Structures are given as structure tokens and as C-alpha cells.
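Residue numbers (my numbering): -13 to 194. Just so you know, even glycine gets a beta-carbon here, dropped at the ideal spot from N, CA and C. Fair warning: this is a prediction, and the values are worked out from it, not measured in the lab. Everything on this sheet refers to the single structure shown next.
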Amino acid sequence: MAFKYPANFDLEGWQRTVAFHGHTCPGLALGYRASFAALRALQVKRAADEELVAIVENDACGVDAVQVITGCTLGKGNLIYRDYGKQVFTFARRDAESAVRIYVHAGRSNSDPGYLELHQKIENGTATAEEVTQYQQRQQQRIQQLLTVPEEEILSLQTVALDLPEKARIFNSVECSRCQEKVAEIRARIWEGRPVCLACVETYTRGW
Ligand SMILES: [Zn+2]
Ligand SMILES: [Zn+2]
């Protein structure tokens, strides 16, 4: 089934997002919409460096769209992960005082009972071949819907004040006295008076 996108849809951006993530899915579509909403609200383009910061409150599919579209990435240090299990993405410009907090509620598209029922069957492996095909079609329709509905139907935006964490820093390294590998000083622990890495601490303390 071919997607019907509106004329102004950034198909190239979506394709890059899908290529990075590996598959299309509703979560990715929502992250994609949230990312564009943030760039527009903050009047910025994709971050080449650390000028834009994202705080993501989940580690699910949508976060990959955030990385591709906004340029806030784990490796650059301008993607901050908080393990709250919420579909909330907050974006801030380093040169401005305000930030935008986006709550992805996904709207009505989330409450199609037939779709949820099918999803359940797929999850427990009880779906028939026909149901799998049906599910895939409905999922494609849902993704298309999420990509094209007016933003306010799936997201709520709020301007918030935010104290940004300091910029990413490079820390000195020390050698772990157990495995002899280098570890950033700030992450090292002391064990019997000598530095050890967290991986070794966990091994020697049985995980706590
Ligand atoms: Zn996904
Ligand atoms: Zn070690």
C-alpha cells in the first residue's frame, strides 16, 4: 500500500529516519512529528553541535527520530535520557531561556479497539496469517495517519523554563586496577584504595 503524503511532507527526512531506525512504526512516526514541532517552536534547524538539547523521558522508537531530525544525539552529549517511561520530549536552545515540552498523547489514533486486539494476538503469537496481514495494513494506515494529522491531535506543546545541564565535558581517564582498561575518572569507584571501573565493581559486588 503506497502512502499518500500531503504536498509539503518532508519525505526525505522520514526516509532518513526509517533508514536509521531500521523499520517503520507508530512510535517512530510520533517521534518524527514531535521533533519537527520542536524545531518549529524553537525556530531552529537541526543541531550540528550542541546548540540544541533534548531531554527524552523514554528509550523507545521515537528517540531515534529525535536523533535524526533534531541532531540531538547520545554521542554528542545533547540527548539526555531520563528513565520515566513517559512519551515526553523536552527541547531547549542553549542561547534562549525557554524550552518546549512535548507530551505525545497520540490522540484518537491510539484507541482503535480492533487494532489493539490484533496487536495483542501478534504479541502472544496467536494471530492467524490473515490477521498478521490485516494488522500490518492497519499499522501502515496508522503510521500514515500519525504522520499527517494536525499536530494538536497527537501532541501537546508547552513552553517551560528549564535549567540546562552543562555542556558535555571530556573527563580525565584512570586505569581500572582490576581489568586495566581506561575509565572516565568521574565514573570510577575506589576499591581497596585503588580505582576500579563500574563493570568490575558489579562483578566483585555481585551487582549492587
Ligand atoms: Zn520502531
Ligand atoms: Zn575494570
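If you draw a straight line from the Cα of Q144 to the Cα of C58, it comes to about 19 Å.
Membership of A15 in the alpha helix (DSSP H) is indicated by the continuous run 12 to 28. Three or more beta-carbon pairs drawn from the region 15 to 32 and the region 51 to 67 are found closer than 8 Å, and the two stretches are therefore classed as touching. Taking C-beta atoms as the reference points, G63 and E36 count as a pair closer than 8 Å. L(-3) has its CB no nearer than 7 Å to any heavy atom of ligand 1.
Counting of Cβ neighbours within 10 angstroms places P12 among the buried residues, the total reaching 16 or more. With 16 or more other Cβ atoms inside 10 Å of its own Cβ, V86 counts as buried. With fewer than 16 other Cβ atoms inside 10 Å of its own Cβ, I156 counts as exposed. The nearest non-hydrogen atom of ligand 2 is 7 Å or more from the C-beta of E139. For T3, the closest alpha carbon among the candidates R173, L133, T112 is that of L133.
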